[in-house]
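*Asks:* Starting off with a structure, shown below.
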Amino acid sequence: MALSARRTKIVATVGPASAGEDVLGKLIAAGMDGARLN
Numbered sequence: 015m016a017l018s019a020r021r022t023k024i025v026a027t028v029g030p031a032s033a034g035e036d037v038l039g040k041l042i043a044a045g046m047d048g049a050r051l052n
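Numbering (my numbering), first residue to last: 15 to 52.
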């Protein structure tokens, strides 16, 4: 599926539990489009 065809956006809330570099990498790999800092 091409990125331009995807209409659904994924916004993740990033906090202390997900602040690690490995977790952020996994979120991006899973298709995260934007992040909200908490």
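A virtual CB, placed ideally from N, CA and C, is assigned to each residue, including glycine.
To the nearest angstrom, how far is it from the Cα of G45 to the Cα of G34?
*Replies:* Taking the first residue of the sequence shown as 1, we reach residue 45 at position 31. Taking the first residue of the sequence shown as 1, we reach residue 34 at position 20. Answer to the nearest angstrom: the Cα atoms are 17 Å apart.
*Asks:* I need the straight-line Cα distance from R50 to L38, nearest angstrom please.
*Replies:* On the sequence shown, position 36 is the one that residue 50 refers to. On the sequence shown, position 24 is the one that residue 38 refers to. Straight-line Cα distance between these residues: approximately 12 Å.
*Asks:* I believe N52 touches V28 by the beta-carbon criterion, under 8 Å. Please report the beta-carbon distance rounded to the nearest angstrom.
*Replies:* To locate residue 52, count along the sequence shown from 1; it is residue 38. To locate residue 28, count along the sequence shown from 1; it is residue 14. Yes, N52 and V28 are in contact; Cβ-Cβ is about 7 Å, under 8 Å.
*Asks:* DSSP three-state label for A26, please.
*Replies:* Residue 26 sits at position 12 when you count from the first residue of the sequence shown. Here A26 sits in strand by DSSP.
*Asks:* Is A33 helix, strand or coil by DSSP?
*Replies:* Against the sequence shown, residue 33 aligns to sequence position 19. Coil, per DSSP.
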